[in-house]
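For reference, the structure is listed below as structure tokens.
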Amino acid sequence: MPKLYTVMFSYLKPSASLGGSVQENSVKRYLSRIMLGILIMLSMTVQAREPDWTLYEQLLKQYVSSGEEQGIALNLVNYSALSEDPRFQQLADSLSSFPVDQLQGRQETLAFYINVYNILALKTVVENWPLKSIKDVGSWLNPVWKREAGRIDGR
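Its first residue numbered 955, the sequence shown is counted upward by one per residue in the numbering used here.
Quick look at the structure:
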């Protein structure tokens, strides 16, 4: 931002060639430069490209807890309770209409697809609960990894 103002103010040198007083022309140019700067800044503001992950974060805080099994520290998911929460289905459904072409940059795209993968993995387990493993959803000939888990951007 400071560079933008520096450039704008460098054009405030008085010029009598436009007609009117030097001071009047200077003020007009000053105001038009400010307006131009404001328009540029407003046009540069972009709506959030990535989905709002607030609901996902809330669900994780509510249904995932730290635990331990056989001496191994784990994050444990309460799938039974998660399956009864209508907000989880809302979250999964919201992915189907999110326009992925709004994602910008490698990091944003990577974060988006990691979150989507995890949400759809949770959805797969919830829809087939109770399970010992997500791999139990599939079979040797038709493993879970080759099944459609959900849609993104209508696809």
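Glycine included, every Cβ here is placed at the ideal spot set by N, Cα and C.
- Message: Just to confirm my understanding: we take T999, look at its own chain, exclude 5 residues before and 5 after, and list those with CB closer than 7 angstroms. What are they?
- Response: Here residue 999 refers to the residue found at position 45 when the sequence shown is read from its first residue. Its pLDDT being 42, under 50, T999 is placed unreliably by the model, and nothing is read from it.
- Query: Applying the criterion that 16 or more other CB atoms from any shown protein chain within 10 Å of the CB defines a buried residue, is L1095 buried or exposed?
  - Reply: As a working note, residue 1095 is residue 141 in the sequence shown. L1095 is classed as exposed because its beta carbon has fewer than 16 other beta carbons within 10 Å across all chains shown.
- Message: Could you check whether L1049 and L1074 sit closer than 9 angstroms to each other, using their CB atoms as the reference points?
- Response: Residue mapping note: residue 1074 aligns to position 120 of the sequence shown, counting from 1. Residue mapping note: residue 1049 aligns to position 95 of the sequence shown, counting from 1. Yes, they are a contact pair.
- Query: For A1103, which residues from the same chain have a beta carbon less than 6 angstroms from its beta carbon, with the 5 sequence-adjacent residues on both sides left out?
  - Reply: If you number the sequence shown from 1, residue 1103 lands on position 149. Excluding positions up to five away in sequence, the list reads L1074, T1078.
- Inspect the beta-carbon positions of Y1033 and W1083 and report whether they are closer than 9 angstroms. Position 79 of the sequence shown, counted from the first residue, corresponds to residue 1033. Position 129 of the sequence shown, counted from the first residue, corresponds to residue 1083. Yes, these two residues count as a Cβ contact at 9 angstroms.
- Query: Can you give the Cα-Cα distance for P1040 and Q1058, rounded to whole angstroms?
  - Reply: The sequence position of residue 1040 within the sequence shown is 86, counting from 1. The sequence position of residue 1058 within the sequence shown is 104, counting from 1. Rounded to whole angstroms, the separation of the alpha carbons of Q1058 and P1040 is 30 angstroms.
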